[in-house]
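Q: Those letters in the sequence shown? Residues 352 to 538, by this note's numbering.
Yeah, the Cβ is synthetic: ideal placement off N, Cα and C, and Gly gets one too.
Since the structure is predicted, the reported quantities are computational estimates derived from the model, not experimental observations.
I am attaching a structure below and will ask some questions about it afterwards.
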Amino acid sequence: MASPILDDRTNKQCPANGSLPPNYVKPSLIVNVSKRLPSFPFGPTQTPLITPGDFCAIFNLELPPSASDKICQLVFLFPSHQQTSNYFTYLTGKDGGHFSFTGYAVGAGATPKTTYSHQPAAGPNPPSPPAVLSPGNAYVINSAPCGLPPGLKDPVTVSGMLCSPDTFFNFNNSDESCPIGFFVELL
């Protein structure tokens with residue numbers, strides 16, 4: 352017999368705009384880095400860890416050559432516990448939930464050995480990302496032409512880092528159930 356709690360969760364709708372279109376890219380590599388342990392490589396993970404003023408997570412996404420004539424919409428999907436069966440822990444104070452996004456150069460992604468002291472090359476930051484992320488929402492971080500030259504044969508890496516000064520956030524970046532995490536929608 353199925354759990355009534357899980358049945359209740361799976362019957363809920365995702366947040367508005369919280370479902371993925373047919374063409375999307377999910378992270379190919381996620382690496383946690385720490386300001387307090389700046390030279391320690393934590394290696395690949397599927398559960399990014401963000402802690403107040405310390406742990407951040409770097410996400411690589413591989414854009415396919417077919418994205419050259421498309422719009423790349425970077426989204427952060429954040430369903431509530433009632434909307435998803437995917438794991439996450441989100442702890443913040445009354446006025447918390449603040450996050451920062453750092454963009455890296457196109458083609459310069461993290462590796463399993465990336466550390467806070469040795470991050471990918473700097474690149475453009477999203478022009479106006481949301482300052483606060485909270486459960487039960489879907490956020491567009493950036494939407495622009497993908498900008499890939501025609502005729503590419505190999506995928507191109509785009510990457511960025513998520514940090515917070517006031518929130519503990521640990522989650523399983525997943526495209527199952529109501530998706531949670533970073534994705535690039537190819538429109």
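If the criterion is Cβ atoms closer than 7 angstroms, does the pair Ile401 and Ser510 meet it?
A: Stepping through the sequence shown from its first residue, residue 401 is reached at position 50. Stepping through the sequence shown from its first residue, residue 510 is reached at position 159. No, these two residues do not count as a Cβ contact at 7 angstroms.
Q: Between which two residues does the beta strand (DSSP E) holding Val491 run?
A: Translated into positions along the sequence shown, residue 491 becomes position 140. First-last of the beta strand (DSSP E) with Val491: 488 to 496.
Q: Look up Val535 in the DSSP assignment and give the residues it is bridged to.
A: As a first step, residue 535 must be located in the sequence shown, where it is residue number 184. Beta-bridge pairing links Val535 to Val376, Leu425.
Q: According to DSSP, what are the bridge partners of Ser334?
A: A query on residue 334 cannot be resolved here, the shown segment of the chain reaching from 352 to 538 and no further.
Q: Can you check DSSP and say which residues form a bridge with Thr510?
A: Counting from 1 along the sequence shown, the entry for residue 510 is found at position 159. The displayed chain sequence assigns Ser, not Thr, to residue 510. DSSP output for Ser510 lists Asn411 as bridge partner(s).
Q: So Leu412 and Pro395 are in contact, right, with Cβ under 8 angstroms, and what is the actual spacing, rounded?
A: Indexing the sequence shown from 1 puts residue 412 at position 61. Indexing the sequence shown from 1 puts residue 395 at position 44. Their Cβ separation, rounded to whole angstroms, is 14 angstroms, which puts Leu412 and Pro395 out of contact at 8 angstroms.
Q: Please look up how many angstroms separate the CB atoms of Pro416 and Asp505, rounded, as I've assumed it's under 8 angstroms.
A: Start at 1 with the first residue of the sequence shown, and residue 416 comes out as number 65. Start at 1 with the first residue of the sequence shown, and residue 505 comes out as number 154. Sure, about 7 angstroms apart at Cβ, within 8 angstroms.
Q: Take the Cβ of Gly532 as the centre, count every other Cβ of all protein chains shown within 10 Å, and call the residue buried at 16 or more, exposed below.
A: Against the sequence shown, residue 532 aligns to sequence position 181. Buried, since its Cβ has 16 or more Cβ neighbours within 10 Å.
Q: Look up Ser515 in the DSSP assignment and give the residues it is bridged to.
A: Your numbering for residue 515 matches position 164 in the sequence shown. Ser515 pairs with Pro403.
Q: Report yes if the CB atom of Lys464 is closer than 7 angstroms to the CB atom of Pro392, and no otherwise.
A: Within the sequence shown, numbered from 1, the residue matching residue 464 stands at position 113. Within the sequence shown, numbered from 1, the residue matching residue 392 stands at position 41. For Lys464 and Pro392, yes; Cβs fall inside 7 angstroms.
Q: Tell me Val382's beta-bridge partners as DSSP assigns them.
A: Taking the first residue of the sequence shown as position 1, residue 382 is located at position 31. Pro395, Ile409, per the DSSP bridge assignment.
Q: Quick one: grab the DSSP three-state call for Val457.
A: In the sequence shown, the residue the question calls residue 457 occupies position 106. Three-state DSSP puts Val457 in coil, outside helix and strand.
Q: Is it buried or exposed for Asn368, if we count other Cβ within 10 angstroms and need 16 for buried?
A: Within the sequence shown, numbered from 1, the residue matching residue 368 stands at position 17. Exposed: under 16 other Cβ atoms inside 10 Å.
Q: For Pro430, which of Phe522, Leu538, Pro366, Leu537 has the nearest alpha-carbon?
A: Position 79 of the sequence shown, counted from the first residue, corresponds to residue 430. Pro430 has its Cα closest to that of Pro366, out of Phe522, Leu538, Pro366, Leu537.
Q: Spatial neighbours of Leu499 within its chain, please: CB distance less than 8 angstroms, with the 5 preceding and 5 following residues excluded, ordered by chain position.
A: What you label residue 499 is simply residue 148 of the sequence shown in a count that begins at 1. Leu414, Pro416, Ala418, Ser419, Val507.
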